[in-house]
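Please read the structure below before turning to the comments.
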Amino acid sequence: MKALLALEDGRYFFGRAFGATGERTGEIVFNTSMIGYQEILTDPSYAGQIVVMTYPHIGNYGVNQADVESRRPFVEGFVVREYSAHFSNWRAEGSLDDYLKLHGIVGISEIDTRALVRHIRERGAMRACLTTLTEDPQQAIARARAAPRMVGLDLASTVTCDHPYVWNAEARTLDPGNPVPGHPPRFHVVAYDFGIKFNILRHLAARGCRITVVPAHTPAEDVFAMKPDGIFLSNGPGDPEPLTDIVATIRRFIGRLPIFGICLGHQLLGLAFGGRTYKLKFGHRGGNQPVKNLLTGRVEITSHNHGFAVAADSLPQDEIEITHYNLNDHTLEGMRHRKLPIFSVQYHPEAAPGPHDASYLFDEFIRLMASDENAFQNR
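What follows is the structure in structure tokens.
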């Protein structure tokens with residue numbers, strides 16, 4: 001079966017359909033990772049987006065339940081150069097094609113992904129339509145142009161959990177054959193779910209945290225009643241600026257509890273400090289982004305998935321210290337408060353599937369909670 005991918009600027013590509021039949025629209029973006037397609041599909045930060053993989057051969061190791069990063073896939077569509085119908089891996093439980101069909105995700109293969117990615121890099125991320133329902137490019141282009149723009153779009157509210165829940169300690173295990181060493185819970189962390197990934201929760205649990213995950217719009221009073229030792233602000237999709245009530249809630253925690261933010265959580269924290277955010281031309285997505293740690297002078301290879309960034313010059317310099325920046329485009333990648341136990345990064349230290357250069361940041365969060373605990377006891 002044929003599939004058609006059409007962009008809002010009039011460019012279009014015909015290819016071969018795989019996965020579900022149907023039609024989806026969304027912002028088209030690209031990911032430069034060589035592996036991890038299942039983690040990408042199930043990352044809620046991709047809600048509202050059609051993802052293009054730059055690595056040419058996708059599907060060869062199948063899918064399994066252990067590698068999912070959320071309750072279901074959230075991408076709108078999936079674009080690859082070559083789909084492998086035959087998979088081989090001892091952990092595989094099924095094919096990528098069947099997985100996409102099960103979850104209603106349209107895929108397209110046999111297109112020139114190099115030309116497509118170069119087009120996105122030159123023109124910027126834009127709206128697109130991926131369809132198996134029509135072979136008329138003009139119809140598909142019109143549907144792409146009718147799709148909502150990412151700027152101003154609140155998607156965190158659509159992917160968050162419905163009710164608070166306690167993360168199951170047994171779910172720390174990434175691979176049933178290789179359990180992550182755990183510690184008895186010492187700290188209680190309340191994690192705001194703006195699109196949280198399971199591997200974040202695994203990292204916190206493996207370091208001795210009891211984690212209560214709460215919906216994105218949970219009031220500060222409800223969280224204070226839980227008596228947490230720290231607040232975690234998760235990754236998530238969409239534009240941070242419409243989330244004004246969440247920013248106001250975060251301000252309630254500043255100076256009261258240690259805070260750690262990742263990705264959208266980092267952007268929301270930047271807004272809470274009085275900064276501003278802006279849309280990147282085509283974003284950072286992949287597992288090979290170089291970030292410089294200004295505190296150590298080391299370069300970390302990191303996992304990214306974001307289309308917005310915090311403007312470094314908009315932050316109050318007397319309060320906020322820049323800790324990391326991107327070596328590709330010099331955008332802000334990390335910050336911390338000069339006096340309070342608060343820090344955040346734009347990238348993904350939880351990785352899944354990798355790299356793991358930045359996992360030390362979870363240890364830093366534990367250290368801040370321990371220091372805050374000692375300071376409280378000494379007051």
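1 is the number of the first residue of the sequence shown in this note's numbering; add one for each residue after it.
Ideal Cβ positions, reconstructed from N, Cα and C, are used throughout, including at glycine.
Quick caveat, the model's predicted, so the values are computed rather than measured.
Just to confirm, is the Cβ distance from PHE273 to PHE343 under 9 angstroms? no
Look at the alpha carbon of ALA191 and the alpha carbon of THR134, and state the distance between them as a whole number of angstroms. 43 angstroms
Among residues of its own chain, excluding the 5 on either side of ASN328, which ones have a beta-carbon nearer than 8 angstroms to its beta-carbon? HIS284, GLN289 and PRO290
ALA248 in three-state terms, based on DSSP: helix
What do you get for ASP112, buried or exposed, if any count of 16 or more other CB atoms within 10 angstroms of its CB means buried? exposed
Would the stretch 33-41 and the stretch 126-143 be scored as touching if the rule is three or more Cβ pairs under 8 angstroms? no
Excluding the 5 residues flanking ASP154 on each side, which residues of the same chain have their C-beta closer than 8 angstroms to its C-beta? GLY238, ASP239, PRO242 and LEU243
If ILE108 and ALA3 are in contact, beta carbons under 8 angstroms, what's the gap, nearest whole angstrom? 4 angstroms
Classify SER45 as buried or exposed, calling it buried when 16 or more other Cβ atoms lie within 10 Å of its own Cβ. buried
Which listed residue (ASN64, SER157, ARG149 and SER234) has its alpha carbon closest to that of TYR99: ASN64
Please name the residue in TYR83, SER88, THR323 and ASP43 whose C-alpha comes closest to that of THR54. TYR83
Is the stretch 308-316 touching the stretch 217-230 in the sense that three or more CB pairs, one from each, lie closer than 8 angstroms? no
Backbone CA spacing between ARG380 and ALA115 [nearest angstrom]: Given a span of 1 to 379 for the chain in the structure shown, any question on residue 380 remains unanswerable.
Can you tell me the Cα-Cα spacing of GLY354 and ASP318, whole angstroms? 35 angstroms
From the DSSP output, read off the bridge partner residues of LYS2. ARG16
Give the straight-line distance between the Cα atoms of ILE250 and PHE18, rounded to the nearest whole angstrom. 42 angstroms
Tell me GLY77's beta-bridge partners as DSSP assigns them. ILE50 and VAL106
Spatial neighbours of ASN378 within its chain, please: CB distance less than 7 angstroms, with the 5 preceding and 5 following residues excluded, ordered by chain position. A caution first: ASN378 carries a pLDDT of 41, below 50, which makes its placement in the model too unreliable to give a value.
Per DSSP, what are the beta-bridge partners of VAL29 in this structure? VAL51
Quick one: grab the DSSP three-state call for LYS197. coil
For the putative contact between CYS263 and GLN346, defined by C-beta atoms under 8 angstroms, what is the C-beta separation to the nearest angstrom? 6 angstroms
Figure out for me which residue from LEU295, ASN235 and TYR165 has the closest Cα to the Cα of LEU269. ASN235
Helix, strand or coil at LEU215 according to DSSP, with G and I counted as helix: First, the residue type needs correcting, since residue 215 is Pro and not Leu in the sequence shown. In the structure shown, PRO215 sits in a strand (DSSP, three-state: E or B).
When you compare only the Cα positions, how much space is there between THR132 and MET1? 8 angstroms
Terminal residues of the continuous alpha helix (DSSP H) containing GLN267? 264-272
Just how far apart, CA to CA, sit ILE105 and ASP162? 23 angstroms
Residues near ALA147 by beta carbon distance below 6 angstroms, same chain, minus five either side: THR25 and ARG127
If ARG298 and GLU321 are in contact, beta carbons under 8 angstroms, what's the gap, nearest whole angstrom? Not quite, the Cβ-Cβ distance comes to about 17 angstroms (not below 8 angstroms), so this is no contact.
Do you know how far the Cα of HIS330 is from the Cα of LEU271? 20 angstroms
Between GLU76, VAL80 and GLY59, which lies nearest to ALA92 when the distance is taken from Cα to Cα? GLY59
Output the boundary residues of the beta strand (DSSP E) element that contains ALA128. 126-131
Residues near SER88 in its chain [Cβ-Cβ closer than 8 angstroms; skip 5 each side]: ASN60, TYR61 and GLY62
Does DSSP classify PHE224 as helix, strand or coil? helix
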